[in-house]
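Below is one structure, written out as structure tokens; the observations come after it.
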Amino acid sequence: MKISFFDLSRQYQLIATEVEQAVTEVVRSGQYIEGPAVKKLEADLATYLGAKNVVTCGNGTDALEIALKACGVEPGDEVITTAFSFFATAEAIAGVGAVPVFADVYEDSYNISVEDIKNKITKRTKAILIVHIFGMPADMDEIVALGKEYGLPVIEDACQAIGATYKGKKAGTLGTIACFSFYPTKNLGAFGDGGMISTDDDRLAEACRAIKAHAAGKLGAKAYEYIYDETIPELADMENMKGDALYDPCKYYNYFIGRNSRLDSIQAAVLQIKLGHLDDFNARRKAIAKKYSERLASTPLKVPTVEYDDRESCWHQYAVLAPDKEGLSTYLGSKGIGTGSFYPVPLHLQRAFKDLGYTEGSLPVAESLCKRSVCLPVFPELTDEEVDYIIDMIIEYFK
Ligand SMILES: Cc1ncc(COP(=O)(O)O)c(C=O)c1O
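If you read the sequence shown in this note's numbering, its first letter stands for residue 545, the second for the next number, and so on.
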């Protein structure tokens with residue numbers, strides 16, 4: 545049997561008719577950027593999450609940089625984040641000129657350690673950027689309490705966590721602001737790149753909207769006032785100005801350095817269709833995870849807990865800890881089964897961050913997870929027969 549680590553073409557077959565119709569409508573409409581399809585998607589995503597504001601953008605990495613900037617993170621500031629994540633989490637911090645300060649994680653959840661966040665807070669700390677890794681919500685009550693105690697915004701990297709819940713609320717509505725990715729393999733994936741930011745804070749949302757569009761016009765001026773706490777005298781006049789058909793005097797004034805980060809209408813149309821299926825897809829991922837954890841519990845693998853009282857993962861990844869990661873992956877590969885190595889290197893030991901001075905042993909749990917974690921296929925279109933085959937092959941490996 546041949547089972548890829550993920551197979552996007554299977555999902556496409558399920559939704560092809562709906563998607564092709566929606567894409568055709570956009571193509572015929574002539575509105576390809578920030579049109580009605582994007583506005584509708586933002587409204588529906590806000591309803592889905594239970595968030596006051598959703599601002600779409602070009603990808604998850606941009607979402608993180610935009611959120612950091614909107615929170616006032618500036619060059620030289622420190623941002624505390626997890627050592628166990630995809631590179632983009634820390635890259636975004638460096639991207640706004642700040643310094644990532646890495647905290648260790650818990651072995652059971654792979655999520656950031658609350659105690660280690662506390663250890664790492666200094667006078668230069670400007671924000672806490674947590675990740676709901678593999679779709680499992682982090683310990684948000686404790687993290688938000690720390691944020692309040694030290695006056696720090698809590699940014700959620702929810703790029704892997706759309707649909708996950710914590711104490712009945714959706715991941716992405718738990719901190720100050722949250723960032724999502726619509727990369728094709730994500731639980732809600734576009735047919736290209738895409739991302740979004742969610743927040744209940746209207747001014748923060750407005751600042752993000754300004755940053756993603758060159759910090760221009762009234763929105764740019766308002767964002768400047770909000771982020772830099774400085775008044776722009778001409779803003780009062782601008783509130784009454786109206787552009788004409790040829791030239792909008794507000795649009796071509798820029799107040800600080802933003803960027804261009806927009807979601808295409810075609811991607812919005814695809815995401816709109818997939819959003820309608822998201823809860824079903826996530827439920828199927830959970831059923832697969834449950835089966836893996838039940839049947840693999842008797843092997844030497846450490847399997848993730850599936851049922852928690854207070855939170856529910858959306859099972860973006862299903863990761864086991866193996867005594868011999870390489871051996872297990874190679875064996876499964878020889879049986880036609882694709883696996884993922886998330887993540888082979890912890891962020892603090894990435895060569896890109898060598899100047900930060902971390903060494904082997906600095907964050908032992910994250911390092912140990914990287915040596916042992918193997919991700920098994922968990923995409924919703926896997927058949928029961930395939931899941932059983934994967935489990936049987938793992939059991940056979942350990943015999
Ligand atoms: C945890 C995490 N953060 C950030 C990103 C970046 O998202 P994107 O690839 O859309 O830029 C990803 C996914 O790729 C991710 O998994």
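Don't be surprised by glycine CBs; every beta carbon is placed ideally from N, CA and C.
Taking DSSP as the reference, what is the three-state secondary structure of residue i?
{"i": "residue 671", "result": "strand"}
{"i": "residue 858", "result": "coil"}
{"i": "residue 710", "result": "strand"}
{"i": "residue 846", "result": "strand"}
{"i": "residue 871", "result": "helix"}
{"i": "residue 777", "result": "coil"}
{"i": "residue 644", "result": "strand"}
{"i": "residue 739", "result": "strand"}
{"i": "residue 763", "result": "helix"}
{"i": "residue 808", "result": "strand"}
{"i": "residue 663", "result": "helix"}
{"i": "residue 656", "result": "strand"}
{"i": "residue 801", "result": "coil"}
{"i": "residue 863", "result": "strand"}
{"i": "residue 754", "result": "helix"}
With distances taken Cα to Cα, identify the nearest neighbour of residue i among the options.
{"i": "residue 908", "options": "893, 642, 615", "result": "893"}
{"i": "residue 613", "options": "861, 922, 800", "result": "800"}
{"i": "residue 803", "options": "640, 632, 896", "result": "640"}
{"i": "residue 916", "options": "634, 885, 927", "result": "885"}
{"i": "residue 824", "options": "925, 759, 838, 855", "result": "925"}
{"i": "residue 853", "options": "568, 687, 709", "result": "709"}
{"i": "residue 702", "options": "711, 739, 690, 896", "result": "739"}
{"i": "residue 860", "options": "726, 657, 683, 582", "result": "726"}
{"i": "residue 822", "options": "545, 555, 549", "result": "555"}
{"i": "residue 504", "options": "830, 763, 751, 642", "result": "The structure shown does not extend to residue 504, since the chain is modelled only from 545 to 943, so the question has no answer here."}
{"i": "residue 538", "options": "547, 597, 713", "result": "Beyond the ends of the chain as shown, which are 545 and 943, falls residue 538; an answer cannot be given."}
{"i": "residue 714", "options": "681, 698, 605, 686", "result": "681"}
{"i": "residue 560", "options": "774, 896, 838, 818", "result": "818"}
{"i": "residue 928", "options": "767, 758, 833", "result": "833"}
{"i": "residue 765", "options": "903, 798, 827", "result": "798"}
{"i": "residue 594", "options": "628, 654, 744", "result": "744"}
{"i": "residue 651", "options": "863, 698, 767", "result": "863"}
{"i": "residue 937", "options": "876, 898, 633, 912", "result": "876"}
{"i": "residue 606", "options": "844, 752, 776", "result": "752"}
{"i": "residue 910", "options": "841, 622, 629", "result": "629"}
For my contact list, residue i and residue j are in at a C-beta cut-off of 8 Å; report their separation, rounded to the angstrom.
{"i": "residue 731", "j": "residue 706", "result": "5 Å"}
{"i": "residue 577", "j": "residue 806", "result": "5 Å"}
{"i": "residue 566", "j": "residue 811", "result": "With a Cβ gap of about 11 Å, residue 566 and residue 811 do not count as contacting."}
{"i": "residue 930", "j": "residue 545", "result": "7 Å"}
{"i": "residue 569", "j": "residue 813", "result": "7 Å"}
{"i": "residue 696", "j": "residue 658", "result": "With 8 Å as the limit, residue 696 and residue 658 do not qualify as a contact, their Cβ atoms being about 13 Å apart."}
Please indicate yes or no: does the CB of residue i lie closer than 7 Å to some heavy atom of ligand 2?
{"i": "residue 622", "result": "With respect to ligand 2, the structure shown offers nothing to examine, as its ligands consist of ligand 1."}
Counting only C-beta atoms, is residue i closer than 8 Å to chain B at any point?
{"i": "residue 567", "result": "Absence of chain B from the displayed structure is noted, only one protein chain being present."}
Output the residue ranges of the beta strand (DSSP E) runs that lie fully inside the region 688 to 737 and measure 3 residues or longer, sorted by chain position.
-> 698 to 701, 721 to 725
Segments assigned beta strand (DSSP E), at least 3 residues, entirely inside the region 879 to 932 | 917 to 920
Please go through the region 589 to 636 and give each complete beta strand (DSSP E) segment of 3 or more residues, from N-terminal end onward.
-> Counting only runs of 3 or more, we get 597 to 601, 622 to 626.
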